[in-house]
């Protein structure tokens, strides 16, 4: 669950896996591993992710399906450096960029 959520949030903020890795001082392969569900971030990384992307740990971990802060930011269409959220989301629904549907 954390991998899916992390990928969605990362895309929303316009970060690549490399961008996120650089911000957290980890390798791109570590971020890839988290997103693919092969491993999970430790407690300190989880806190860093929540602070960086302004989401609750409950949402990121899949304990709750709604995060008021994240969806509030989503609905405001907070601009990011690549302006990706326009093509990645339809309302609150995540659109997989690889799928193109």
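Numbering (the numbering used here), first residue to last: -19 to 81. Built from N, CA and C at the ideal position, the CB exists for glycine as well.
| message | According to DSSP, is residue 35 part of a helix, a strand, or is it coil? | response | Start at 1 with the first residue of the chain shown, and residue 35 comes out as number 55. When secondary structure is reduced to three states using DSSP, residue 35 falls in the coil class, being assigned neither helix nor strand.
| task | Assign residue 47 to buried or exposed, taking buried as 16 or more other Cβ atoms, counted over all protein chains shown, within 10 Å of its Cβ. | result | In the chain shown, residue 47 corresponds to position 67, counting from 1. Burial call: buried.
| request: For residue 19, I'd like the list of residues in its chain whose CB is within less than 7 Å of its CB, leaving aside the five on either flank, ordered along the chain. | output: Counting from one through the chain shown, the residue named residue 19 turns up at place 39. Same-chain partners within the cutoff: 13.
| Exposed or buried, which one is residue -11 when buried takes at least 16 other CB atoms within 10 Å? | By 1-based counting over the chain shown, the position of residue -11 is 9. It is buried - the Cβ of residue -11 has at least 16 other Cβ atoms within 10 Å.
| field | Nearest-angstrom beta carbon gap, residue 3 and residue 32 [assumed within contact, 8 Å] | value | The residue you call residue 32 lines up with position 52 of the chain shown. The residue you call residue 3 lines up with position 23 of the chain shown. Their Cβ separation, rounded to whole angstroms, is 6 Å, which keeps residue 32 and residue 3 in contact under 8 Å.
| request: Please classify residue 15: does DSSP put it in a helix, a strand, or coil? | output: As a working note, residue 15 is residue 35 in the chain shown. Helix at residue 15.
| query | Pick from 29, -18, -19: whose alpha carbon is nearest that of residue 1? | reply | Counted from its first residue, the chain shown places residue 1 at position 21. Closest by alpha carbon: 29.
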